Every structure is written in structure tokens, then in C-alpha cells.
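Notes for the one structure printed next.
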Amino acid sequence: MPGYVLRPADSDDVEFLTDVVVVVTKDQGRWPAELCAPDAEAEWRAGFSDWTREQLGGDVDGSTTSVVLVDGDRVGRHRVVRAPDHVELAGVQLLPAHQGRGIGTQVVRDVLAEARDRGVPARISVEQDNPRARALYERLGFTAYGETERDVLLEAR
Ligand SMILES: CC(C)(COP(=O)(O)OP(=O)(O)OC[C@H]1O[C@@H](n2cnc3c(N)ncnc32)[C@H](O)[C@@H]1OP(=O)(O)O)[C@@H](O)C(=O)NCCC(=O)NCCS
Numbered sequence: 001m002p003g004y005v006l007r008p009a010d011s012d013d014v015e016f017l018t019d020v021v022v023v024v025t026k027d028q029g030r031w032p033a034e035l036c037a038p039d040a041e042a043e044w045r046a047g048f049s050d051w052t053r054e055q056l057g058g059d060v061d062g063s064t065t066s067v068v069l070v071d072g073d074r075v076g077r078h079r080v081v082r083a084p085d086h087v088e089l090a091g092v093q094l095l096p097a098h099q100g101r102g103i104g105t106q107v108v109r110d111v112l113a114e115a116r117d118r119g120v121p122a123r124i125s126v127e128q129d130n131p132r133a134r135a136l137y138e139r140l141g142f143t144a145y146g147e148t149e150r151d152v153l154l155e156a157r
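Take the sequence shown: its position 41, counted from the start at 1, is 41 in the UniProt record's numbering, and no numbers get skipped.
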């Protein structure tokens with residue numbers, strides 16, 4: 001199973017992190033039709049990049065955004081939010097060529113181990129239209145405890 005390394009993201013990674021989210025969402029066929037026009041996609045990218053820069057600037061309490069590295073190459077995005085009463089895997093996206101090789105399983109297990117060491121629950125939100133990712137989290141011990149219009153909220157204790 002290939003290993004992965006997390007490197008804290010910096011401003012030079014913002015475009016890559018935005019690209020990863022766009023590429024994987026399109027690859028899943030989940031890119032919204034209303035964002036298909038070039039202007040709409042450009043606007044979404046700009047907004048996501050601004051939000052990422054806010055995170056990197058320390059404006060979001062407990063949030064760490066990282067680049068996932070495999071053999072030194074950037075292959076994905078990882079964001080974790082550490083709150084006093086839980087650890088949330090707040091985003092994980094791997095480029096399609098690196099999916100299905102066990103990296104995501106290891107990422108989730110590492111968050112579970114951190115939560116266990118701290119004695120707090122681990123949480124993940126997954127989009128309602130992303131049942132494959134939800135299945136992965138449920139296999140690893142997460143169960144649903146709520147939902148929003150967009151997401152299912154999962155927790156492991
Ligand atoms: C979800 C994701 C992080 C899992 O990492 P991974 O390394 O591919 O997963 P693993 O190889 O450890 O485990 C395979 C399982 O992951 C899930 N998975 C694999 N590819 C996936 C994809 N494109 N989209 C959603 N889930 C996927 C499935 O449950 C798969 O099991 P299956 O083949 O029996 O269906 C990764 O596939 C990914 O980045 N997907 C696209 C973005 C995404 O959906 N992120 C999660 C948002 S909450």
C-alpha cells in the first residue's frame with residue numbers, strides 16, 4: 001500500500017488545491033451544471049482560492065490545510081479542523097490517478113487514531129451525492145448523526 005505524507009500548504013499551493021477540487025469533482029460527474037460556463041467556473045475558482053488563503057492565513061480556528069504528497073509529488077488536498085471536543089476531517093481529495101490505492105483509508109485511519117489519542121470523536125461531512133465516499137467512511141466506523149441540505153454528518157467514537 002502506498003504511503004503518503006502531509007505537508008502544510010502555503011500560498012504557492014493555492015492554485016493546485018483549487019485545481020484538485022475541480023478535477024476530482026468533474027471526474028466524479030458531480031460538477032454542477034450551473035458552474036460549467038467558463039465565467040462561472042472562474043468565479044468559483046477565485047472564491048475557493050480566497051477561502052483557502054483565509055485558512056492558510058490562520059483566520060479559521062483549528063484549521064490546517066495540507067498538500068498530500070506521494071513520493072514527493074503533490075497528489076491531493078487534506079484539511080483537518082481540531083476543535084476542543086472533536087477532530088474533523090474537513091476535506092480530502094486525491095487526484096484520480098491516486099484514488100483506489102488505499103491512501104484515503106490510511107488518511108481516515110490516521111484521523112481516527114488522533115481522535116482516539118485525544119479521547120474525542122472524529123467527524124466527517126460528506127456530500128449527499130457522494131455515496132462512494134460515504135461508504136468508505138462507514139466501513140471505517142463512522143455513522144450518520146445528522147444532515148444538512150448538502151451534506152451527511154458522520155461521527156466515529
Ligand atoms: C474519497 C477518497 C478520499 C478515498 O480515497 P482513496 O484512496 O481513493 O480510497 P481507498 O483506496 O482507501 O478506498 C477505496 C474506497 O474509497 C472510495 N472511493 C474510491 N474512489 C472514489 C471516488 N472517486 N469518489 C468517492 N469515493 C471513492 C470507495 O468507497 C472505494 O471503495 P470501493 O472501490 O469498494 O467503492 C478519494 O477517492 C477521493 O479523493 N475521491 C474524490 C473526492 C472525494 O469524494 N472526496 C471525499 C469528500 S467527503
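Idealized CB from N, CA, C, for every residue including glycine.
Quick caveat, the model's predicted, so the values are computed rather than measured.
Alpha carbon of residue i to alpha carbon of residue j, nearest angstrom
i          : j           : result
residue 48 : residue 21  : 9 Å
residue 45 : residue 38  : 10 Å
residue 30 : residue 94  : 15 Å
residue 13 : residue 74  : 9 Å
residue 96 : residue 27  : 7 Å
residue 16 : residue 53  : 12 Å
residue 24 : residue 116 : 30 Å
residue 56 : residue 63  : 8 Å
Residue range of the beta strand (DSSP E) that includes residue i
i          : result
residue 87 : 86-94
residue 63 : 63-70
Own chain partners of residue i with C-beta closer than 6 Å, once the 5 adjacent residues on each side are dropped
i           : result
residue 159 : Given a span of 1 to 157 for the chain in the structure shown, any question on residue 159 remains unanswerable.
residue 78  : 6, 66, 68 and 92
Span of the alpha helix (DSSP H) around residue i
i           : result
residue 108 : 103-118
residue 137 : 131-139
Neighbourhood of residue i by C-beta, 8 Å cutoff - its chain only, sequence neighbours within 5 removed
i           : result
residue 126 : 133, 134, 137, 151, 152 and 154
residue 112 : 122, 140, 141 and 156
Heavy atom of ligand 3 within 7 Å of residue i beta-carbon
i           : result
residue 132 : In terms of ligand content, the structure shown lacks ligand 3 and carries ligand 1 instead.
Neighbourhood of residue i by C-beta distance below 7 Å, restricted to the same chain and skipping five residues each side
i          : result
residue 41 : 35
- request: Evaluate the contact criterion for the stretch 111-126 versus the stretch 77-88: three or more CB pairs, one atom per stretch, below 8 Å.
  value: Yes: the two stretches touch, three or more of their Cβ pairs being nearer than 8 Å.
message: Just to be sure I understand the criterion: a residue counts if its Cβ is closer than 6 Å to at least one heavy atom of ligand 1. Which residues meet that?
response: The set, ordered by position in the chain, is 24, 28, 92, 93, 94, 99, 100, 101, 102, 103, 104, 105, 126, 130, 132, 133, 135 and 136.
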